[in-house]
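Residue numbers (our numbering): 20 to 618. Just so it is clear, CB atoms sit at the ideal spot from N, CA and C, and this is done for glycine as well. Working notes, beginning with the structure itself.
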């Protein structure tokens, strides 16, 4: 999209002056009183017109330095593991906008047997005469890390045109529930604890009627209950879809042709019902088409904030306020646009402390001819600096169109890694690297992001149309594996075959805080190394990671651990053994779980 450059630069000058003085958290929306406490139109070209300027290189991004990047290697074992699933977008020549985005995935332990299971929403023909003719969503049970079985008895055969999924224990019974986003009505499934789910959407009042994408569970009002934030892409009727033309032929609509619908936040009332409260508590921004969301403490003040990545418009950064509301501060705090002052077509988002300053950074995937964004958290009051050009990311991503992405130390060598699922949205007018694109493995070292995909395994040598990505240690061998969804080709299960290094995994059991531990923050000290992670809500694209944190131990037999719960409770564990998985309890205790003990 074209932007008035002169006007924009004057605006950015004013913004920089504000940022220099820090992000002002002193004001927020005034919460409204509440009964609870708590086509004749011209068809635009589908090609995005943005051309970023060449970034300055006179500054440098300070961060962790490693002597040598350790190799990463993954093997796709989906077929041999019985994971038989292909997301079908239903495309048959009409070039409908909903066909272009694709679906996500979710890791959860639905039966509490200790092994991560996988849920996959399905698409199908978006304008099918009857929803019952669409292929169903699928849940796969993990059989001790060796194979997966489809679980039809779970009653999760949603028949909507599926997009994303978020898992969280909203009723606090110890069993993760599922929220599935669709084009149209979303679905909330309540886990019954006996291997089955029941739909409770209408009772909970969380259905909506828009085209939704990503969602995130988090306790947004600090009452110990999981609330739900839902990204809405736009107003879309699959039976009377908006159709666009290019050169007289059906073509994908530009996002500007899809009327935006505000995102929604549902506050958990504790009795099975939710209140739609986004506007009341300040979680509202104008004109966005949301595709990714992160719920995390982004300003290091102990409260949960929200970051929303938007397609072709400025991102949102909702910082929590002392009165319990939120304030949108993305432009003021440096996270709305890229380093050149342009809003980008944001698709997915990953979060992690890549520079080891104990503040969570953000990585955003974008359209072709836009570099992916790296928002470096400066560690003070939620201020960010976009450093894609300075950190080497521009050259690695400019010709790609990315969707799902994750940021973790995938081989436990102390340096953060990125996985990016790439693939265009338009098979007829694909630019950059084309419609099918290679996925990427990217590692951080010597203050630069470096593409290490060439040695990542056979999966990284074949082009696909990648979409949702989620992580879990599905085989419980101490490292993180990946599930990757593609458009119209089989899902991948990427077993992590990198050289095994010492690691330790943490899970959590809340009492005052939500039971699953979402937004617990952990600091680990092993020898000279000091690391921080948070069990964030949301991230990636339309996906949910398994609720577990994995830390490298650098060969140390013991370490010091500090755990901070969303309730504010905080505990320190000195000289704790680092050779077995641990479950931390909110009362200050912990349990050692059966699991890997590296040699």
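TODO: In the DSSP assignment, find the unbroken beta strand (DSSP E) run with residue 186 in it and report its ends.
DONE: The sequence position of residue 186 within the chain shown is 167, counting from 1. Residue 186 -> beta strand (DSSP E) spans 181-187.
Task: Member of 189, 268 and 215 whose CA lies at the smallest distance from the CA of residue 243 - done: Looking up residue 243 in the chain shown gives position 224. It is 189.
Task: Nonlocal neighbours in the same chain, by C-beta distance under 8 Å from residue 480, ignoring five residues either side - done: In the chain shown, the residue the question calls residue 480 occupies position 461. Result list for residue 480: 457, in chain order.
TODO: Would you give the residue range spanned by the beta strand (DSSP E) that residue 314 belongs to?
DONE: The residue labelled residue 314 in the question sits at position 295 within the chain shown. First-last of the beta strand (DSSP E) with residue 314: 309-315.
TODO: Please classify residue 176: does DSSP put it in a helix, a strand, or coil?
DONE: Along the chain shown, read from residue 1 onward, the residue named residue 176 stands at position 157. Residue 176: coil per DSSP, three-state reduction.
Task: Residues that residue 95 bridges to, as DSSP identifies them - done: Residue mapping note: residue 95 aligns to position 76 of the chain shown, counting from 1. Looking at the DSSP assignment, residue 95 forms a beta bridge with 513.
Task: Reduced DSSP secondary structure (H/G/I, E/B, other) of residue 326 - done: Along the chain shown, one-based indexing puts residue 326 at 307. Strand, per DSSP.
Open item on the list: Buried or exposed for residue 336, going by 16 or more other Cβ atoms inside 10 Å?
Closed with: Working through the chain shown from its first residue, we reach residue 336 at position 317. Residue 336 is buried by the Cβ-count criterion.
- [ ] Verify whether the separation of the beta carbon atoms of residue 427 and residue 383 is less than 7 Å.
- [x] By one-based count along the chain shown, residue 427 stands at place 408. By one-based count along the chain shown, residue 383 stands at place 364. Going by C-beta atoms, residue 427 is not nearer than 7 Å to residue 383.
Open item on the list: Please state the DSSP three-state secondary structure of residue 500.
Closed with: For the purposes of this step, residue 500 is taken as the residue at position 481 of the chain shown. Three-state result, residue 500: strand.
Task: Any 3 or more C-beta pairs closer than 8 Å across the stretch 218-234 and the stretch 265-274 - done: no
Task: Closest by C-alpha distance to residue 591, when choosing among 259, 581 and 570 - done: Numbered from 1 along the chain shown, position 572 holds the residue referred to as residue 591. Taking only the C-alpha atoms, the option nearest residue 591 is 581.
- [ ] Throw me the rounded Cβ distance for the residue 429 and residue 91 pair, which I believe falls under 8 Å.
- [x] The sequence position of residue 429 within the chain shown is 410, counting from 1. The sequence position of residue 91 within the chain shown is 72, counting from 1. At roughly 6 Å, the Cβ-Cβ gap stays under 8 Å, so residue 429 and residue 91 are in contact.
- [ ] Please confirm if the stretch 441-456 is in contact with the stretch 526-542, defined as three or more CB-CB distances below 8 Å between the two stretches.
- [x] no
TODO: List the DSSP bridge partners of residue 356.
DONE: Start at 1 with the first residue of the chain shown, and residue 356 comes out as number 337. None, per the DSSP bridge assignment.
- [ ] Measure from the C-beta of residue 243 to each C-beta in chain D and report whether the shortest distance is under 7 Å.
- [x] In the displayed structure, chain D is absent; only one protein chain is listed.
Task: Euclidean distance between Cα positions of residue 601 and residue 191 - done: Counting from one through the chain shown, the residue named residue 601 turns up at place 582. Counting from one through the chain shown, the residue named residue 191 turns up at place 172. Their backbone Cα atoms lie some 21 Å apart in a straight line.
TODO: Could you give the DSSP three-state label for residue 567: helix, strand or coil?
DONE: On the chain shown, position 548 is the one that residue 567 refers to. Assignment of residue 567 by DSSP, reduced to helix, strand and coil, places it in the coil class.
Task: residue 511 burial status per 10 Å Cβ neighbour count (16 or more: buried) - done: The residue given as residue 511 occupies position 492 in the chain shown. Flag for residue 511 reads buried.
- [ ] Please report how far the alpha carbon of residue 445 lies from the alpha carbon of residue 112, in whole angstroms.
- [x] Numbered from 1 along the chain shown, position 426 holds the residue referred to as residue 445. Numbered from 1 along the chain shown, position 93 holds the residue referred to as residue 112. Distance between the alpha carbons of residue 445 and residue 112: 11 Å.
Task: Nearest-angstrom Cα separation, counted from residue 399 out to residue 377 - done: Taking the first residue of the chain shown as 1, we reach residue 377 at position 358. Taking the first residue of the chain shown as 1, we reach residue 399 at position 380. One C-alpha to the other measures close to 11 Å.
Task: Alpha-carbon to alpha-carbon, residue 362 and residue 330 - done: To locate residue 330, count along the chain shown from 1; it is residue 311. To locate residue 362, count along the chain shown from 1; it is residue 343. Cα-Cα distance, rounded: 9 Å.
TODO: Determine the burial state of residue 260: buried for a count of at least 16 other Cβ atoms within 10 Å of its Cβ, exposed for fewer.
DONE: Along the chain shown, read from residue 1 onward, the residue named residue 260 stands at position 241. It counts as buried.
Open item on the list: For the pair the stretch 473-488 and the stretch 92-106, tell me if three or more CB-CB distances fall below 8 Å.
Closed with: yes
TODO: Kindly list the residues whose CB is nearer than 8 Å to the CB of residue 564, restricted to its own chain and excluding five residues on each side of it in sequence; keep chain order.
DONE: Residue mapping note: residue 564 aligns to position 545 of the chain shown, counting from 1. Counting only Cβ-Cβ distances below 8 Å, and skipping sequence neighbours, we find 126, 425, 489, 490, 491 and 558.
Open item on the list: Does residue 70 pass the burial test, meaning 16 or more other C-beta atoms within 10 Å, or should it be called exposed?
Closed with: On the chain shown, residue 70 is found 51 positions in, with the first residue counted as 1. At residue 70 the pLDDT is 34, less than 50, meaning the model places this residue with poor confidence; the figure from the coordinates comes in the next sentence. The residue is exposed, with fewer than 16 neighbouring Cβ atoms inside 10 Å.
Open item on the list: Strictly by DSSP, which residues pair up with residue 16?
Closed with: This structure leaves residue 16 out entirely; the chain is present only between 20 and 618.
- [ ] Count the CB pairs spanning the stretch 196-203 and the stretch 174-188 that are closer than 8 Å, and state whether there are at least three.
- [x] yes
Task: Which listed residue (232, 605, 386 and 402) has its alpha carbon closest to that of residue 413 - done: The residue labelled residue 413 in the question sits at position 394 within the chain shown. Of 232, 605, 386 and 402, the residue nearest in Cα terms is 386.
- [ ] Just mark residue 593 as buried or exposed, buried being the case when its beta carbon has 16 or more other beta carbons within 10 Å.
- [x] The count along the chain shown starts at 1 and reaches residue 593 at position 574. With fewer than 16 other Cβ atoms within 10 Å, it is exposed.
- [ ] Compare the Cα-Cα distances from residue 356 to each of 391, 372 and 342 and report the closest residue.
- [x] Sequence index remark: in the chain shown, residue 356 carries index 337 (1-based). Residue 391 is the option with its Cα nearest to residue 356.
Task: Residue from 447, 449, 354 and 437 whose Cα sits closest to the Cα of residue 403 - done: For the purposes of this step, residue 403 is taken as the residue at position 384 of the chain shown. Checking every option, the nearest Cα to that of residue 403 belongs to 354.
Task: Alpha-carbon to alpha-carbon, residue 420 and residue 606 - done: Within the chain shown, the letter at position 587 stands for residue 606. Within the chain shown, the letter at position 401 stands for residue 420. Using only the alpha carbons, I get a separation of about 45 Å.
Open item on the list: At the level of alpha carbons, what is the spacing between residue 467 and residue 185?
Closed with: Here residue 467 is taken as the residue at index 448 of the chain shown, counted from 1. Here residue 185 is taken as the residue at index 166 of the chain shown, counted from 1. Those two C-alpha atoms are separated by around 32 Å.
Open item on the list: Taking its Cβ as the centre, do 16 or more other Cβ atoms sit within 10 Å of residue 52, making it buried, or is it exposed?
Closed with: The residue given as residue 52 occupies position 33 in the chain shown. Low confidence applies to residue 52: its pLDDT is 35, below 50, so where it sits in the model is not reliable enough to give any reading.
Open item on the list: Short of 7 Å in beta carbon distance, which residues of its chain neighbour residue 211, apart from the five on each side in sequence? Order them along the chain.
Closed with: Locating residue 211 in the chain shown gives position 192, counting from the first residue. The answer, listed in chain order, is 217.
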